[in-house]
Each structure stands twice: as structure tokens, then as C-alpha cells.
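Inspection log for the structure reproduced underneath, given as C-alpha cells.
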Amino acid sequence: MRARLFVLLLTLIALVVVALLTPLAMNYATNAQRQVFIDRLQDTNRFALLLRDGSGSSEVNALRAEIDRYHDVYGIPTVVLDAHRTVLLSSARVDLDDPAVSDRVDTALSGRSTEEMVIWPWENHPLVVAVPFLAGEGAGVAGVVVTVSPTDALRTRVGTVWLVLAALSLGAIALFVAVADALATWVLRPVSSLDAAAHAITSGDLRSRAPVGTGPPELRRLARSFNEMAATVSGALEQQRAFVAEASHQMRNPLTALLLRVGNLADAVADDHGGQLPARAETEYDEAVREGQRLQRVLEELLALARAERHLGAVRRVDVGTVLDERLSAWRVRADLRGQMLVRSGVASAEAVVDPESLARVLDELLDNASRYAGDDGVIVAALRAGAGSPGVVRLTISDDGDGLPLTEFDKVTDRFWRSPSHANVPGTGLGLSIVTSLLQTFDARLEVSPGPQGGLAVTCVLPAPPAPPSSASPPEKPTSDVMSPATAADAPPPEVLAERQGLTER
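Be aware that the sequence shown starts at 227, since it is given in the numbering used here, and climbs by one per residue.
Set out below in C-alpha cells:
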């Protein structure tokens with residue numbers, strides 16, 4: 227926008243300068259030519275007056291000395307022709323066949339005055355003035371006096387003035403460019419600030435505001451209105467998050483107490499029936515406990531989501547491989563209990579600009595999802611990729627070999643409380659990937675969902691990589707023992723792992 231506004235202002239300024247200085251330059255050239263023409267016309271008329279009584283020998287001799295002296299002083303050749311174009315006198319050689327000369331001789335012999343010539347600085351031809359003289363009182367034209375004036379000095383003078391005007395024009399345009407640049411900066415600085423503030427708010431920084439002290443009054447009012455709107459929206463969101471967090475927190479204790487009371491009630495009923503609940507009562511008790519536990523999970527997930535949306539961790543350079551190895555080690559016990567295999571694939575280490583605490587929570591959510599949907603004896607692959615094929619980012623993928631999702635449901639997986647109908651029997655709240663998305667947004671990362679190479683679901687965290695040093699090449703990636711190639715198979719477990727899994731299944 228700044229470039230377009232600057233070009234528009236510069237174009238208008240250039241047009242104004244050209245419109246003002248072009249007539250001035252043309253007027254100066256015309257006036258200079260007119261002065262020279264009038265001066266030459268007066269001199270030529272004076273020569274013609276000396277022959278007013280005819281072109282006899284006495285008149286010709288009187289004129290000879292005049293035109294010779296005129297040529298010596300001014301360097302202007304003069305030619306006297308009779309009515310038959312015969313040269314009577316000549317102070318220097320003149321090409322009478324030159325169209326510029328012959329046309330004006332014809333005009334003068336017809337009794338008409340010579341018209342003013344237009345000579346521009348780039349035209350290299352002389353100024354020709356032809357004046358007729360009469361044979362006597364009342365007689366016809368006896369001949370023509372022709373002066374052929376060089377125009378080098380005239381054209382040089384006009385060209386010099388034009389160059390001065392052009393230099394002044396460029397100076398004026400340069401001055402106006404500086405003014406236009408300052409004007410464009412003054413006008414557009416609030417717009418840039420508004421854009422930066424809007425981008426920051428979109429990225430999750432609800433405290434960002436646009437400065438209101440610069441720019442035109444209209445834009446200052448717009449900045450104030452934007453800040454008021456941002457404050458209103460951020461306040462509403464903050465109240466909503468605070469309500470969700472407070473409600474979740476306040477409901478956890480009563481719900482826990484309710485479950486305990488239900489358990490105590492079940493024990494009391496069992497005591498009244500010989501230590502065993504009746505079949506119908508036992509069914510109702512189990513349903514009540516399951517619903518209570520499900521509601522507990524929902525409240526915990528809501529509280530985690532509210533904390534994720536309000537979380538502003540310390541973003542710094544982190545070795546993603548180290549964080550991934552720590553979380554895999556923590557989850558390996560649970561995977562072993564379910565007969566699942568956790569496979570580490572890709573590069574051993576890769577740096578990203580993230581909050582390590584949030585990244586660890588993201589990995590916990592993704593590994594929990596993969597563990598639940600992969601099922602018993604499933605394979606979960608954690609792949610880390612960076613560098614070639616992914617410039618400027620680090621890709622961390624968690625995939626499983628479960629049933630996966632239809633492609634039509636991929637755009638819904640981050641919706642709150644959404645669950646696929648095909649996974650209705652799997653415990654969950656539908657908030658896991660919403661929490662992951664909120665955590666990733668705190669350090670400008672994003673989430674991608676795709677079919678897994680093993681038939682399940684692959685969830686990829688695209689993390690911002692630190693800028694590479696400008697003068698040094700990126701070091702080669704250090705692969706783990708399970709590194710896979712090409713990229714289409716990067717998230718698949720190594721063949722030996724699959725073989726080992728097959729052997730365990732057969733046993």
C-alpha cells in the first residue's frame with residue numbers, strides 16, 4: 227500500500243512539474259528565436275533599403291562594403307539576388323539549393339514577407355531571412371537580399387536554459403519525493419500499526435494494542451476504536467475462559483464428593499442385602515459411576531483447555547528431540563502395559579523456537595490420543611524431521627496404526643467436543659486436539675492432520691525453526707537408528723520393528 231501511494235503521489239507531482247515547466251521552456255525558446263529573427267530581419271531590411279532605387283552598379287557597390295563588414299563582424303553570410311536568381315553580391319558562399327533557403331527566396335520574390343522560423347535545440351539548420359527590394363517607385367520586385375544566420379549560439383543558449391529547467395525540475399521532484407515519503411509514512415504508519423496489532427491479536431496476544439498518537443485524525447480515531455474493540459473482545463474472552471476455568475474447578479470437588487456418596491450409598495445397600503448389590507442396583511451403580519467419571523474427565527479437559535488458552539510460556543530455542551525422548555520414556559510404561567510399541571523415527575535432534583512446557587503437554591495429549599485409538603498391541607510412531615524438504619520448520623509427527631478417520635472428518639478434529647461416530651465407544655471428551663491447537667498457537671506453531679502411513683491417523687506439529695546463520699551452512703541432520711526415507715515412509719516403523727511385532731502376535 228505504501229508503494230502504491232508513493233507511486234501515485236510521485237506521478238501527480240511529476241505531472242504537475244511537467245505541466246508547469248514545459249510551457250515555460252517552450253515560451254523561452256520561442257522568445258529567444260523571435261528576438262534573433264527580428265534582429266536579422268531588421269538587418270536584412272536595412273540592406274534592402276540601400277537597393278530601393280534599383281540594383282544598379284552604384285547601389286551594388288554601396289552595399290558590397292556593408293555586407294562584407296557585416297560578415298566580418300557577425301559571421302553572417304549575405305547574398306543579393308536579382309529577379310532571375312542571379313547572384314549580384316555575396317559575402318560568403320551560400321547553398322541556394324538548400325530547401326530552407328530556396329523556399330524563402332521564392333516567398334520573397336513573390337512579394338511576401340519571410341515568416342518566422344521555429345528552430346529547436348536538436349535541429350541543425352540556419353536561420354534564413356529573405357527580403358525583396360523594388361526596382362523603383364511603384365515597380366515590381368527587382369531582387370532579394372538573403373541573410374543566412376548560424377543558429378549554434380541560439381540553440382546552445384536555449385538548450386542550456388532547458389537543462390537548467392530540467393535540473394530544477396529534478397530538484398523539485400526530489401524535494402517533493404522527500405515530502406511525499408514523509409507524508410506516506412505519516413499517513414500509513416497507523417495502518418501498519420493496526421495491521422501489526424491485528425496480527426498479534428490473531429496470533430493469541432490479546433494484550434496487543436495499536437498506538438493512537440500518530441497519523442491523520444481519522445486514523446487516530448480508527449486506532450482508538452480498534453483498541454476499544456480489542457479490549458472488549460479480549461475482556462469477553464477472558465471472562466469466558468475465567469468462567470470455564472472457575473466453573474470446572476468449582477464443580478470438580480462437588481462431583482468427587484458425589485461419586486464418594488454414590489459409593490457409600492452402594493456399600494450401604496450392599497450391606498442391607500447380605501454384602502451384595504442386587505443385579506439392577508449394581509447396573510445402575512456402574513452407569514452412575516461411569517457417567518460421573520466421564521463428567522470428571524470433561525471438567526479436567528475444560529480446565530486444561532482454559533489454562534492452555536491463557537498460557538504464555540517462555541519461548542526459546544529448544545531441542546525438540548530431547549523433549550520427545552523424555553515424553554516417550556514417560557509413556558513407555560503405559561504402552562508396555564497395553565502391549566503397544568513406541569517407535570522413535572526421524573532425526574535424533576532438531577531445534578525449534580517453542581515453549582518446552584507447552585510442547586511437553588502437546589506430546590502428552592497426542593500420545594494419549596494415539597494410545598487410545600491404536601488399541602492393544604498397536605504401534606505408535608513418533609517421527610521428527612527438519613531441514614531438507616521442510617525449510618524454516620521442524621515437523622513432529624505422532625501416528626498410530628488404528629482405524630483412522632475418513633478424509634471428510636479431518637477438518638472437524640480440532641472442533642471442541644467433536645468426536646467421530648466411528649469412535650463413540652472409545653473413552654474421550656473431544657477436547658484433546660483443541661487443547662493441542664491452543665498450546666501450539668502460543669508459539670506460532672500449527673497442527674496438521676493426515677492419514678497415517680500405517681493406516682491410522684498422523685498428527686503433525688509444524689514448529690518454527692530458529693533462523694539459520696547467514697554465513698554458515700546448516701549442519702547435516704543426525705539420524706537415529708530408525709531414520710526412514712523417503713518422506714512418504716518417514717513416519718512408518720522400521721521393518722525389524724514390524725517383524726518383531728508380528729512375532730509377538732503369533733506367540
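Here a beta-carbon is modelled for each residue, glycine too, at the ideal position from N, C-alpha and C.
Keep in mind it's a predicted model, so treat the numbers as computed, not measured.
In the DSSP assignment, residue 347 falls outside any alpha helix (DSSP H) and carries neither an H nor an E. Assignment of residue 513 by DSSP, reduced to helix, strand and coil, places it in the helix class.
One Cα belongs to residue 490, the other to residue 501, and the distance between them is close to 13 angstroms. In the three-state scheme derived from DSSP, where H, G and I count as helix and E and B as strand, residue 606 is classed as strand. A distance of 8 angstroms or more separates the beta carbons of residue 642 and residue 631.
Membership of residue 354 in the beta strand (DSSP E) is indicated by the continuous run 353-360. If you ignore the 5 residues before and after residue 586, its C-beta comes within less than 8 angstroms of the C-beta of 549, 552 and 553, all in its own chain and listed in chain order. The C-beta distance from residue 610 to residue 592 rounds to 13 angstroms, too long to fall under 8 angstroms, and the pair is not in contact. Assignment of residue 676 by DSSP, reduced to helix, strand and coil, places it in the strand class. Using a Cβ distance threshold of 8 angstroms, residue 344 and residue 359 do not count as a contacting pair. In this structure, residue 452 places its C-beta atom within 8 angstroms of the C-beta atom of residue 436. Under a 10 Å Cβ-count criterion, residue 295 is classified as exposed, with fewer than 16 other Cβ atoms of the shown protein chains found around its own Cβ. Between the segment 593-603 and the segment 669-676, the count of Cβ pairs shorter than 8 angstroms is below three; the stretches do not touch. Assignment of residue 340 by DSSP, reduced to helix, strand and coil, places it in the coil class. According to the DSSP assignment, residue 385 belongs to the alpha helix (DSSP H) that extends over 378-428. Around the beta carbon of residue 269, 16 or more other beta carbons lie within 10 angstroms, which makes this residue buried. By the criterion of at least three beta-carbon pairs nearer than 8 angstroms, the segment 371-385 is in contact with the segment 244-264. When DSSP assignments are scanned along the segment 259-309, the uninterrupted stretches of alpha helix (DSSP H) that are 4 or more residues long and fall wholly within it turn out to be 283-300. For residue 545, the enclosing beta strand (DSSP E) has its first and last residue at 542-545.
Counting along the chain, residue 328 sits inside the alpha helix (DSSP H) bounded by residues 325-335.
Residue environment: residue 557 is assigned as buried (16 or more neighbouring CB atoms within 10 Å of its CB, all protein chains considered). Here the alpha carbon of residue 547 sits roughly 29 angstroms from the alpha carbon of residue 428. For residue 598, the uninterrupted alpha helix (DSSP H) segment begins and ends at 582-600. Between the alpha carbons of residue 638 and residue 602 lies a distance of about 26 angstroms. Within 10 angstroms of the beta-carbon of residue 302 lie 16 or more other beta-carbons, which makes it buried.
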